[in-house]
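There are 2 protein chains.
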Amino acid sequence: MEKNLTTSKKGNLYLIPTLLGDSAPEMVLPAGTIRILQSLDILIVEQVRTARRLLSKIQIPRKIDDIQFFELNKHTLASEIRSFLKPAIEGKSIGLLSEAGTPCVADPGAVVVELAHQTGIKVIPLTGPSSIILALMGSGFNGQSFAFHGYLPIQANEREHAIKSLEKITISTSQTQLFIETPFRNMQLFEALVKHCRPDTMLCIAANLSMPDEFIRSQTIESWRKSQPQIHKIPTVFLIWSQQKRL
Amino acid sequence: MEKNLTTSKKGNLYLIPTLLGDSAPEMVLPAGTIRILQSLDILIVEQVRTARRLLSKIQIPRKIDDIQFFELNKHTLASEIRSFLKPAIEGKSIGLLSEAGTPCVADPGAVVVELAHQTGIKVIPLTGPSSIILALMGSGFNGQSFAFHGYLPIQANEREHAIKSLEKITISTSQTQLFIETPFRNMQLFEALVKHCRPDTMLCIAANLSMPDEFIRSQTIESWRKSQPQIHKIPTVFLIWSQQKRL
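Quick note, the sequences are listed as chains S and Z, same order. Going letter by letter, the first sequence gives residues 0 to 246 in numbering that gives the first Met the number 0. Going letter by letter, the second sequence gives residues 0 to 246 in numbering that gives the first Met the number 0.
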């Protein structure tokens, strides 16, 4: 009985999107998202260095050195991740901040959210830019059914196979297929797409999203064969779609 | 030669997200998105009534009656849609405003964007809330690979078949599967999910996203069989995922 009388109020886990590049925060982050980020003392981040850069851009009302950072990246041990949530169990809210765009989408944050659900910590996703959604909106392709696949294989044979199988899916189901590539390999992926896709398949190239020099173009593979996009080393989302049957 | 000397500057097509429900605009819309919406004289909307409601909420610096609205919904003829873009060809920027969340994602706007690309009108997607992305972030499920399927079939047999085939995909590929339902049928879909899915399949229910009474819970089908969510008539995103292999 004693136990039920002691109410232990846990902190929240806020999922905080960030800029996609060097854009103005007020163009892509709601005032509410900025305000919550400004209020947090504990942040789980991919890299402390880039997190600090964002915090100085949005002008937090305290010293950045007073903020406690936990780094979550491929070097983080699974056992450490559970300890990151301890402050929330003890009543302090925590922020999970992405390196670019929305946390947990094409980034390693999801495991923290999974643990928060298991521990009974309230998870609150906040609004900000998602390159996947911006690309899908801007493409004009089917937004009633779409799939994001992350990175395609690098090895030529496997990549050809992946491209052809995604094209097969969009031809038979009209589902838009989205994928990304490491920016310095963008042109190789582009070359593979124009080589292996059918001339009437639609390809959208969406690069530098939310930046002043944003570039979004949707046209057939046949048209792309005549015009190369300038996307070397530029963050880009690739989308293919068969327009045979729009849903 | 004459023709090349006359520069004809076209207007832009801005893709403008809106609130997911009765939340405060500054919690989910960046100041930049609000400012662009405030500046536009021509809007393509699903329903003039709900567009007016948003415009009075964000306090536009002009009479709402001075804004020209084009309605785009299932009653709109394909031939009309092309004419909506005429002002942009003549140099005036246009906004495409969704009924809820982001335009062109699970809504009819994509055809306007497709025409804009064909006509050489610049398409600029703006940031705002996407229930699909918020649900995915909040689920803790795989965000490296996911697919959104819109509505599942209503008819019991077909729905059972769809659920089982999505479950099969997530078991074999670990891809998160997202879908929605008309809010007054949410509980029927929930019942079908707990009936037809395997006990160890993970189900996330994400309801009233971005509202003060937001509800996001991820647990196994086995656990859901013991606890019903209160989602009757409440906008909800459903996600299933097999946690056998996290990417």
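Glycine is no exception: its CB is placed at the ideal position from the N, C-alpha and C atoms. Since this is a predicted model, take the numbers as computed values, not measurements.
Interface flag for Thr219 of chain Z against chain S is unset, since no Cβ pair is found closer than 8 Å. Ile215 of chain Z places its beta carbon less than 8 Å from that of Gly137 of chain Z. Taking a Cβ-Cβ threshold of 8 Å, none of the residues of chain S is close to Ile233 of chain Z; the smallest such distance is about 17 Å.
Among the residues of chain S, those whose CB is under 9 Å from the CB of Val104 of chain Z are Ile132, Leu135, Met136, Gly142, Gln143 and Phe145, following chain order.
Around His148 of chain S, the beta-carbon contacts reaching into chain Z at under 7 Å are Ser144. The region 40-47 of chain Z makes contact with the region 61-71 of chain Z; the number of CB pairs closer than 8 Å reaches 3 or more.
DSSP places Thr175 of chain S inside the beta strand (DSSP E), whose first and last residues are Thr175 to Ile179.
At a cut-off of 8 Å between C-beta atoms, Leu14 of chain S counts as an interface residue with respect to chain Z. In the three-state scheme derived from DSSP, where H, G and I count as helix and E and B as strand, Thr169 of chain S is classed as helix.
Distances from the CA of His195 of chain Z to each of Z:Ser164, Z:Asp212 and Z:Thr181 were compared; the closest alpha carbon is that of Z:Ser164. Looking at S:Glu190, S:Leu177, S:Ser209 and S:Gly10, the one whose alpha-carbon comes closest to that of Gly90 of chain S is S:Gly10. Taking a Cβ-Cβ cut-off of 7 Å, Val193 of chain S has no neighbours in chain Z, whose nearest Cβ is about 18 Å from it. About 5 Å separates the CB atoms of Ser97 of chain S and Thr17 of chain S; that is less than 8 Å, so the two are in contact. In the structure shown, Glu70 of chain S adopts extended strand secondary structure according to DSSP, grouped into three states. For the 8 Å CB-CB criterion, Gly149 of chain S and Gln143 of chain Z form a contact. Contact annotation, Asn207 of chain Z with Ile233 of chain Z: C-beta distance approximately 6 Å; criterion of less than 8 Å satisfied.
When 8 Å is used as the limit between beta carbons, Arg216 of chain Z is near these residues of chain S: His116, in chain order. Across the region 199-215 of chain Z, CB contacts with chain S closer than 8 Å involve Leu208, Ser209, Glu213 and Ile215, in sequence order along the chain. Under the three-state reduction of DSSP output, His116 of chain S falls in the helix class.
Between Val236 of chain Z and Ile131 of chain Z, the C-beta gap is smaller than 8 Å, which places the two residues in contact. Contact annotation, Leu125 of chain S with Ile15 of chain S: C-beta distance approximately 5 Å; criterion of less than 8 Å satisfied. Counting the other Cβ atoms within 10 Å of the Cβ of Ser241 of chain S gives 16 or more, which makes it buried. DSSP lists Z:Ser217 and Z:Leu238 as the bridge partner or partners of Cys203 of chain Z. By the neighbour-count definition (other C-beta atoms within 10 Å, threshold 16), Asn141 of chain S is a buried residue. CA-CA distance, Thr32 of chain S to Glu221 of chain S, rounds to 42 Å. DSSP places Pro86 of chain Z inside the alpha helix (DSSP H), whose first and last residues are Lys85 to Ile88.
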